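Heads up, the thing below is written out as structure tokens.
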Amino acid sequence: GSAPPGPVPEGLIRLYSMRFCPYAHRTRLVLQAKGIRHEVININLRNKPEWYFTKHPFGKIPVLENSKCQLIYESVIACEYLDDAYPGRKLYPCDSYERARQKMLLDLFYKVPHLTKECLIASRCGRECADLKLALRQEFCNLEEILGYQNTVFFGGDCISMIDYLFWPWFERLDVYGIADCVNHTPALRLWIAAMKQDPTVCALLIDKNIFLGFLNLYFQNNPDAFDYGLSC
């Protein structure tokens, strides 16, 4: 396996990531939005180096490591840490109630990552996924109701905030997963998606659809080179 990396340089934070992982995508969005100087080490999740288990006991991503050798993992916790520990634009609201409300909204989202993944696996393996898509549409209806009740473009109000970035990675993947039709019945959610696509942070991290599809093709063939797909030599 690869040699372990050296210490994190002073003034930087390191992200252990995987280019196509939605959970790592959350952390990258926050790093980008706040303009935090950072470096990225991508982990091959099918062939994890032994040293990586000293960074996360189960070898999961994302993990943040700072110059004090402190490790922070779990995507939501990592994003909150970045917002609290670094100056500049605050992504979580300062108001205690609004901050709590965003965390409650996140609770309503918890089925979406699992359902999108199951839809992808079913379609790639040639299995029927109508029931999964129906369940996903229902989750999107719940989110649609929230936007309608709030009468705002974004989930945190009139401007993008942390909750929008925490939701976004799964919506960016709807098209490449072949389930974009699951938002056909949710006009407010579609407006939110369109607004998110105009955000400079989101735009900076968009992955080319053909590269993403190339990764998925290799991934479902159990090809360990999938994780490097699209990188220039």
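Counting with my numbering, you get residues 45 to 277 for the letters of the sequence shown.
Just so it is clear, CB atoms sit at the ideal spot from N, CA and C, and this is done for glycine as well.
Quantities reported herein were computed from a predicted structural model and do not represent experimental measurements.
Three or more pairs of CB atoms, one per stretch, sit closer than 8 angstroms, so the segment 59-73 contacts the segment 108-120. DSSP places E183 within a helical segment (H, G or I) once states are collapsed to three.
V220 is positioned such that its CB atom lies no closer than 8 angstroms to that of E183. By the criterion of a C-beta distance shorter than 8 angstroms, K147 is surrounded by no residue of its chain, once the five residues flanking it on both sides are discounted. For the 8 angstroms CB-CB criterion, W236 and F198 form a contact. Taking C-alpha positions only, A47 is separated from P66 by approximately 26 angstroms. When secondary structure is reduced to three states using DSSP, I204 falls in the coil class, being assigned neither helix nor strand. Residue pairing for L108: DSSP places it in a beta bridge opposite L59 and I116. Counting the other Cβ atoms within 10 Å of the Cβ of R217 gives 16 or more, which makes it buried. Annotation for D175: no residue places its beta carbon closer than 7 angstroms to its own, counting only its chain and skipping 5 residues before and after. Around the beta carbon of T98, a 10 Å sphere encloses fewer than 16 other beta carbons of the protein chains shown; the residue is thus reported as exposed. Counting along the chain, H82 sits inside the beta strand (DSSP E) bounded by residues H82 to N86. Of F215, Y136, L150 and P268, the smallest CA-CA separation from K161 is found for F215.
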